[in-house]
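Asker:
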Amino acid sequence: MAVDLVTRAEWGARQPKGTYDRIYSTRGVKVHYTGGRVDPRIVDDHSRCIAAVKSIQSMHMDGNGWMDIGYSAAACPHRKVFVGRGPGHLCAANGPGLNSGHYAVLGLVGNAGLVVPPPGMLHGILDAIEWLRKVGGAGGEVKGHKDGYPTSCPGPDLYQWIQRGAPRPKDMVVPVVPLRPIKQDQEEPVPEVVSLGLTAEVEVPASVDWQPWWTEEWRDTAGWHPGGGQSIAPDVDVWADVAAHVALRGLEPGEPVRVGLTRHFADGSPVDIAWPVGKLLTVYADQGGRVEVDLGGQFKLSLLHRGRVTIRHKSTGPVVLETSSAFKAIMHRYSR
Numbered sequence: 001m002a003v004d005l006v007t008r009a010e011w012g013a014r015q016p017k018g019t020y021d022r023i024y025s026t027r028g029v030k031v032h033y034t035g036g037r038v039d040p041r042i043v044d045d046h047s048r049c050i051a052a053v054k055s056i057q058s059m060h061m062d063g064n065g066w067m068d069i070g071y072s073a074a075a076c077p078h079r080k081v082f083v084g085r086g087p088g089h090l091c092a093a094n095g096p097g098l099n100s101g102h103y104a105v106l107g108l109v110g111n112a113g114l115v116v117p118p119p120g121m122l123h124g125i126l127d128a129i130e131w132l133r134k135v136g137g138a139g140g141e142v143k144g145h146k147d148g149y150p151t152s153c154p155g156p157d158l159y160q161w162i163q164r165g166a167p168r169p170k171d172m173v174v175p176v177v178p179l180r181p182i183k184q185d186q187e188e189p190v191p192e193v194v195s196l197g198l199t200a201e202v203e204v205p206a207s208v209d210w211q212p213w214w215t216e217e218w219r220d221t222a223g224w225h226p227g228g229g230q231s232i233a234p235d236v237d238v239w240a241d242v243a244a245h246v247a248l249r250g251l252e253p254g255e256p257v258r259v260g261l262t263r264h265f266a267d268g269s270p271v272d273i274a275w276p277v278g279k280l281l282t283v284y285a286d287q288g289g290r291v292e293v294d295l296g297g298q299f300k301l302s303l304l305h306r307g308r309v310t311i312r313h314k315s316t317g318p319v320v321l322e323t324s325s326a327f328k329a330i331m332h333r334y335s336r
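Just so we're aligned, residue 1 is where the sequence shown starts under my numbering, counting upward by one.
1. From G18, V283 and A274, pick the residue whose C-alpha is nearest to that of G296; which is it?
2. What are the start and end residues of the beta strand (DSSP E) that includes I56?
3. Evaluate F299 with the Cβ neighbour count: other Cβ atoms within 10 Å of its Cβ, from every protein chain shown; 16 or more gives buried, anything less gives exposed.
4. Do you know offhand how far G278's Cα is from W66's?
5. To which residues of the same chain is R41 closer than 6 Å at the C-beta, ignoring the five residues directly before and after it?
6. For H102 versus N94, is the C-beta spacing smaller than 7 Å?
7. Is there at least one non-hydrogen atom of the ligand MG closer than 6 Å to the beta-carbon of R8?
8. Judging by CA-CA distance, which residue of S55, V246 and V6 is the nearest neighbour of V259?
9. What number of angstroms, rounded off, separates the C-alpha of Q163 from the C-alpha of D272?
10. V293 to S55, Cα distance in whole Å?
11. Could you give the DSSP three-state label for I162: helix, strand or coil?
12. What span of residues does the beta strand (DSSP E) with R290 cover, start to end?
13. Around the C-beta of G136, are 16 or more other C-beta atoms found within 10 angstroms, so that it is buried, or is it exposed?
14. Counting C-beta neighbours from all protein chains within 10 Å, is the total for L304 16 or more, i.e. buried, or is it exposed?
15. Assuming the contact rule is C-beta atoms closer than 8 Å, L108 and M121 should be a hit. Round their C-beta distance to whole Å, please.
16. Pull up the distance between the alpha-carbon of Q160 and that of A73, whole angstroms please.
17. Which first and last residues belong to the beta strand (DSSP E) in which V142 is found?
18. Got a sec, what are the start and stop residues for the alpha helix (DSSP H) E10 sits in?
19. Does V177 pass the burial test, meaning 16 or more other C-beta atoms within 10 Å, or should it be called exposed?
20. Answer yes if the segment 125-135 comes into contact with the segment 143-150, meaning at least three C-beta pairs across the two stretches below 8 Å, and no otherwise.
21. Taking C-beta to C-beta, are T26 and G139 nearer than 7 Å?
22. What span of residues does the beta strand (DSSP E) with R27 cover, start to end?
23. With distances taken Cα to Cα, identify the nearest neighbour of T19 among G86, F82 and V43.
If you want it as structure tokens, here you go:
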């Protein structure tokens, strides 16, 4: 079977923010997983696979500050191979000093939700490897991300498959993969929480010494956001998968803004965690004085620890928050 490629245009990839470094051969390929929660519904809905890959690209570009998605390719449960950086281009996902040795192929499984790769995904990973060998000079090695880099990636299921020699599945049945059994010290997942965004544009006050400002008009029908909706504040211990889209105008061209998903204490004391890189992202206004950024991440939240969007700027003129939408938290319990 020929590789079933989903081109960058077909999955709606953003343009890279620079020029790829060229490579002409590698020792092989390293296999990855997302490291976060993957919605099991992707098994039955390919549009969710596309959305997941687009989210990963945004995370890599806006969160990690990379020029593009870090993977050479990604495989979904439907035996489709998404073109990432593609053959002949240096990847960014294997770790410092390790990207020239191997291409990087992602399997769309994670450490929660969909964790067991369906047969179609394993076929897709192998199709991607064969494609990279044929047109990208990839050698015969098939390794996990953790081989040579201190990480849990690609997770136990994919890694055990790699250690068995990465065999082809014997059938192409695409099962609906259930969630892994919850451990004894865990409880059932709690409901999804969705905040749809601002009811109207608001002016963002300038920061004093880069002190934080946060949105206060999230609409939360589930009632998880207290005090007018400033933050996610569960009364239980949970993981929260969150994403936000922020757009500002009224800045000077090239003016810096700091923005990110943050965790703070319930009493309002300073942020103790900022996602995705341990600090707020610094982004710069375009020639029209606008900043637009997508954010995503995962937090441990509790009665004591809450999550919010933080925006900081020092503009002398009025800065307007145009949109801050689709702040979404898929809550699931974690062990104490």
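A virtual CB, placed ideally from N, CA and C, is assigned to each residue, including glycine.
Answerer: Taking the definition as stated:
1. Walking along the sequence shown from the start, residue 296 turns up at place 296. The shortest C-alpha separation from G296 is found at A274.
2. One-based indexing of the sequence shown puts residue 56 at position 56. Not the beta strand (DSSP E): I56 falls in the alpha helix (DSSP H), residues H46 to S58.
3. Counted from its first residue, the sequence shown places residue 299 at position 299. Buried is the call here.
4. As a first step, residue 278 must be located in the sequence shown, where it is residue number 278. As a first step, residue 66 must be located in the sequence shown, where it is residue number 66. Roughly 16 Å between the two C-alpha positions.
5. Working through the sequence shown from its first residue, we reach residue 41 at position 41. Contacts found: R48.
6. As a first step, residue 102 must be located in the sequence shown, where it is residue number 102. As a first step, residue 94 must be located in the sequence shown, where it is residue number 94. Yes. Within cutoff.
7. Summarising the ligand content, the structure contains no ligands, and the ligand MG is consequently not present.
8. Translated into the one-based positions of the sequence shown, residue 259 becomes position 259. Ranking the options by Cα distance to V259, first place goes to V246.
9. Along the sequence shown, one-based indexing puts residue 163 at 163. Along the sequence shown, one-based indexing puts residue 272 at 272. For the pair Q163 and D272, the Cα-to-Cα distance works out to about 39 Å.
10. Here the question's residue 293 lines up with position 293 in the sequence shown. Here the question's residue 55 lines up with position 55 in the sequence shown. Straight-line Cα distance between these residues: approximately 12 Å.
11. As a working mapping, residue 162 is identified with position 162 in the sequence shown. Three-state DSSP puts I162 in a helix.
12. Position 290 of the sequence shown, counted from the start, is the residue given in the question as residue 290. R290 -> no beta strand (DSSP E), and no H or E assigned at all.
13. Residue mapping note: residue 136 aligns to position 136 of the sequence shown, counting from 1. The residue is buried, with at least 16 neighbouring Cβ atoms inside 10 Å.
14. Within the sequence shown, the letter at position 304 stands for residue 304. Looking at its Cβ environment, which holds fewer than 16 other Cβ atoms inside 10 Å, L304 is exposed.
15. For the purposes of this step, residue 108 is identified with residue 108 of the sequence shown, where counting begins at 1. For the purposes of this step, residue 121 is identified with residue 121 of the sequence shown, where counting begins at 1. L108 to M121, Cβ: 7 Å. Contact.
16. Here residue 160 is taken as the residue at index 160 of the sequence shown, counted from 1. Here residue 73 is taken as the residue at index 73 of the sequence shown, counted from 1. Cα to Cα, Q160 sits roughly 21 Å from A73.
17. Numbered from 1 along the sequence shown, position 142 holds the residue referred to as residue 142. Counting along the chain, the beta strand (DSSP E) containing V142 begins and ends at A138 to G144.
18. Here residue 10 refers to the residue found at position 10 of the sequence shown. Residues R8 to W11.
19. Walking along the sequence shown from the start, residue 177 turns up at place 177. Low local confidence applies: a pLDDT of 34 at V177 is under 50, so the model's placement there is unreliable, and no value is given.
20. Contact between the segment 143-150 and the segment 125-135 is absent, with fewer than three C-beta pairs closer than 8 Å.
21. Translated into the one-based positions of the sequence shown, residue 26 becomes position 26. Translated into the one-based positions of the sequence shown, residue 139 becomes position 139. The Cβ-Cβ distance between T26 and G139 falls below 7 Å.
22. On the sequence shown, residue 27 is found 27 positions in, with the first residue counted as 1. Segment T26 to H32, the beta strand (DSSP E) holding R27.
23. In the sequence shown, counting from the first residue as 1, residue 19 sits at position 19. Minimum Cα distance to T19 is reached at G86.
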